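With this note's numbering as the guide, the letters of the sequence shown map in order to residues 1 to 468.
I have placed the structure first, in the form of structure tokens, so that the comments after it can refer back to it.
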Amino acid sequence: MIKLHFLGAIQQVTGSCYLLEIDERKLLLECGMIQGEIKPNKPVEKFFHFDPRALDAVVLSHAHIDHSGLLPALVREGYTGPVFVTLPTFDLLGVMLKDAAFLQQKDVEWENKKRLRAGKAPIDPLYDINDVEQVLKQVVPVDYGERSRLLKGVDVCFHDAGHIIGSSIVELWMSDKQQTRKLVFSGDLGNKCSPLLRDPHLIEEADVLLLESTYGDRDHRPAAGTIEEFKQVLDAAMEDQGNVFIPSFAVGRTQDLIYHLGQFYHDGKLQQQKVYLDSPMAASVNDVYLRHTELYNDDNPAFNKSINSGVGWQKWLPSLTYTRSTEESMALNTISSGAIIIAGSGMCTGGRIRHHLKHNLWHRRSHIVFVGFQARGTLGRALVDGAQRVNFMGMEFMVNAQIHTLGGFSAHAGQSQLVEWADHFKPKRPRLYLVHGELDKMLCLQKRLMEDHQWYANIPSQGEVIEL
Ligand SMILES: [Zn+2]
């Protein structure tokens, strides 16, 4: 018997986790963290609804923390088996899991200071750098397009999903005593407008399909309009004699932005003479992207030539400067105009962008550009929603800066792209389950699939178990 347990990213977009039971064998597909889930005091056993020691293998579609962030906790709780991923995902995991461990350590130190004053016993982080090192030892990198044996009677094949470098659509063949069943998991599907990466690979056959539905309710604005708007914001900042600040996610979005800025430069349209990447993590991710240029699309040969020249990203965008140290980052506050500063975090919930906002939000000449989704309750969302005053870092700030939202740079497929990709499963439609999306988005996608293709999409509930 083959069973699938829907454990995470069910009617929401974070915490991806699916458990497969093939007779007595157990395979975990994704081991993601729910955003904001790590609270210093939460017991580790609350994160897993299964025994990590009983697992035989783990497969990950890509390195984003909401798909990979609990792996070190899984290892700490006794998982000793292999973790199958693509090679670029392995490289990214090294950067991202170490960063996650570091952030937790800082949170716990802060919490323990308070506990000490209150006479309470100190607590440990959910995991630390040693657990991350152990995960990396257990990783087994697999090439795209290569069917590999995971366990007796279970094979995997990764295909490019075009979402971030190394991201994959996962094909799984599973045999129990009676039959072989094939499951396809879309992972996070990329936006076809991605300037760097290829379109998601097409697959035609499956018994069961798990389809992401992050943007199940809408299509993105065409990329050309967004790029033009971006250009206009940069020009307006020059006219106002101010700087441009871009809160950005380290993986994917930052590299896309550098691509577009480089294109402006090559077209002779970039007035700003300095672009600062003020994020050590994004700089490390840039290095990972440089190691896998064979995975880029062929849309812009000039870019591919630059990036393969051995010089790095500066060959494409000569004004790009990495500010790795805190001192270099702080020195940026003395520049009053003509600079573009890209810094994390993407939703302004932490990171260096908060320091830049602290120094610049109250200036009318400053332009803040949001290029990604801003979740409710974050500083980024408050600014996007037009707050006149905001509180952070223990202070109140007046918002005089000009706030811009660019919607077309998404790293996810829009509704039509999801439907089009799924429509390649012909002539026999697999049983379809929507995952990784909020319920209202899923309902829109469900309706569209039924109207266009008379195809019923199931919406599983948390903890639901199906037989394949
Ligand atoms: Zn992702």
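For every residue, glycine included, the Cβ atom is placed at its ideal position computed from N, Cα and C.
Since the model is a prediction, treat every value here as computed from it, not as a measurement.
Worksheet item: Is Asp299 buried or exposed, if buried means 16 or more other CB atoms sit within 10 Å of its CB?
Response: In the sequence shown, residue 299 corresponds to position 299, counting from 1. By the 10 Å Cβ count, Asp299 comes out exposed.
Worksheet item: Between the Cα of Val288 and the Cα atoms of Leu55, His363, Thr89, which residue gives the shortest distance?
Response: Translated into positions along the sequence shown, residue 288 becomes position 288. Taking only the C-alpha atoms, the option nearest Val288 is Thr89.
Worksheet item: Of the residues His159, Leu197, Ala63, Gly407, which one's Cα is nearest the Cα of Val139?
Response: Position 139 of the sequence shown, counting from 1, holds the residue named residue 139. With distances taken between Cα atoms, Val139 lies closest to Ala63.
Worksheet item: So which of Glu109, Asn112, Asp128 has the shortest CA-CA distance to Gly94?
Response: In the sequence shown, counting from the first residue as 1, residue 94 sits at position 94. Considering only alpha carbons, the answer is Asp128.
Worksheet entry | CA nearest to the CA of Met238, picked from Leu7, Ala101, His367 | For the purposes of this step, residue 238 is taken as the residue at position 238 of the sequence shown. That would be His367, whose Cα lies nearest to the Cα of Met238.
Item to complete: Kindly examine ligand 1 and report whether one of its heavy atoms sits closer than 6 Å to the Cβ of His64.
Response: By one-based count along the sequence shown, residue 64 stands at place 64. Yes, the Cβ of His64 comes within 6 Å of a heavy atom of ligand 1.
Item to complete: Starting from the N-terminal side, write out each stretch of the beta strand (DSSP E) that is 3 residues or longer and does not extend beyond the stretch 380-440.
Response: 389-392, 395-398, 402-405, 431-435
Discussion item. For Ala9, which residues in the same chain have their Cβ closer than 6 Å to its Cβ, ignoring the five residues on either side in sequence?
Written reply: In the sequence shown, counting from the first residue as 1, residue 9 sits at position 9. Once the five neighbours on either side are set aside, the close Cβ partners of Ala9 are Gly15, Ser16, Val435, His436.
Discussion item. So, with DSSP's three-state summary, where would you put Asn458?
Written reply: What you label residue 458 is simply residue 458 of the sequence shown in a count that begins at 1. Correct three-state label for Asn458: strand.
Worksheet item: Can we say the stretch 392-407 touches the stretch 262-275, given the rule of at least three CB pairs closer than 8 Å?
Response: no
Discussion item. Tell me which residue opens and which closes the beta strand (DSSP E) that Val244 is part of.
Written reply: As a first step, residue 244 must be located in the sequence shown, where it is residue number 244. 244-247 is the span of the beta strand (DSSP E), which, as asked, contains Val244.
Fill in: 6 Å Cβ shell around Gln462 - same chain, five flanking residues per side excluded
The sequence position of residue 462 within the sequence shown is 462, counting from 1. Taken in chain order, the residues that qualify are Ile10.
Worksheet item: Is it the case that the CB of Asp99 approaches a heavy atom of ligand 1 more closely than 6 Å?
Response: Taking the first residue of the sequence shown as position 1, residue 99 is located at position 99. False, no ligand heavy atom lies under 6 Å from that Cβ.
Discussion item. Quick check on DSSP: helix, strand or coil for Gly8?
Written reply: Locating residue 8 in the sequence shown gives position 8, where the first residue counts as 1. Strand.
Worksheet item: Asp188: beta carbon under 6 Å from a heavy atom of ligand 1?
Response: By 1-based counting over the sequence shown, the position of residue 188 is 188. Yes - ligand 1 has a heavy atom lying nearer than 6 Å to the Cβ of Asp188.
Discussion item. Measuring straight from C-alpha to C-alpha, what distance separates Gly190 and Arg25?
Written reply: The residue you call residue 190 lines up with position 190 of the sequence shown. The residue you call residue 25 lines up with position 25 of the sequence shown. Whole-angstrom Cα-Cα distance: 31 Å.
Practice prompt. Output the boundary residues of the beta strand (DSSP E) element that contains Ser168.
Written response: Here residue 168 corresponds to residue number 168 of the sequence shown, with the count starting at 1. Looking at the DSSP string, the run of the beta strand (DSSP E) that includes Ser168 is 168-175.
Worksheet item: In this structure, does DSSP put Ala302 in helix, strand or coil?
Response: The residue given as residue 302 occupies position 302 in the sequence shown. Helix at Ala302.
Worksheet item: Does the distance from the CB of Arg364 to the CB of Asn400 come in under 7 Å?
Response: By 1-based counting over the sequence shown, the position of residue 364 is 364. By 1-based counting over the sequence shown, the position of residue 400 is 400. Contact flag set, yes.
Worksheet entry | Which residues DSSP lists as bridging Thr155, in chain order | Indexing the sequence shown from 1 puts residue 155 at position 155. Strictly speaking, residue 155 in this sequence is Asp, with Thr absent from that position. Arg149, Trp173.
Worksheet item: Relative to the alpha-carbon of Phe230, which residue among Ile403, Glu171, Lys137, His163 has its alpha-carbon at the smallest distance?
Response: Looking up residue 230 in the sequence shown gives position 230. Minimum Cα distance to Phe230 is reached at Ile403.
Worksheet item: Is the number of C-beta pairs between the stretch 56-70 and the stretch 104-116 that are closer than 8 Å three or more?
Response: no
Worksheet item: Is Ser416 near Ala343, with beta carbons less than 7 Å apart?
Response: As a position in the sequence shown, residue 416 is number 416, starting the count at 1. As a position in the sequence shown, residue 343 is number 343, starting the count at 1. Cβ distance not < 7 Å, so Ser416 and Ala343 don't count as in contact.
Worksheet item: Do you know offhand how far Val83's Cα is from Met398's?
Response: As a first step, residue 83 must be located in the sequence shown, where it is residue number 83. As a first step, residue 398 must be located in the sequence shown, where it is residue number 398. Cα to Cα, Val83 sits roughly 48 Å from Met398.
Worksheet entry | Distance between Leu71 and Gln134 (C-alpha atoms, nearest Å) | Here residue 134 is taken as the residue at index 134 of the sequence shown, counted from 1. Here residue 71 is taken as the residue at index 71 of the sequence shown, counted from 1. Their backbone Cα atoms lie some 10 Å apart in a straight line.
Worksheet item: Between which two residues does the alpha helix (DSSP H) carrying Pro72 extend?
Response: On the sequence shown, residue 72 is found 72 positions in, with the first residue counted as 1. From DSSP, the alpha helix (DSSP H) with Pro72 extends over 71-76.
Worksheet entry | Residue range of the alpha helix (DSSP H) that includes Leu470 | Since the first residue of the chain shown is 1 and the last is 468, residue 470 is not available in this structure.
Discussion item. Based on DSSP bridge pairs, tell me the residues matched to Thr180.
Written reply: Translated into positions along the sequence shown, residue 180 becomes position 180. Paired residues: Ser175.
Worksheet item: Given Leu183, which residues of its chain have a CB within under 6 Å of its CB, disregarding the five upstream and five downstream residues?
Response: Start at 1 with the first residue of the sequence shown, and residue 183 comes out as number 183. Around Leu183: Leu172, Val208.
Worksheet item: Should Ala250 and Ala282 be called a contact, given that it needs their Cβ atoms to be closer than 7 Å?
Response: Locating residue 250 in the sequence shown gives position 250, where the first residue counts as 1. Locating residue 282 in the sequence shown gives position 282, where the first residue counts as 1. Taking 7 Å as the Cβ cut-off, Ala250 and Ala282 qualify as a contacting pair.
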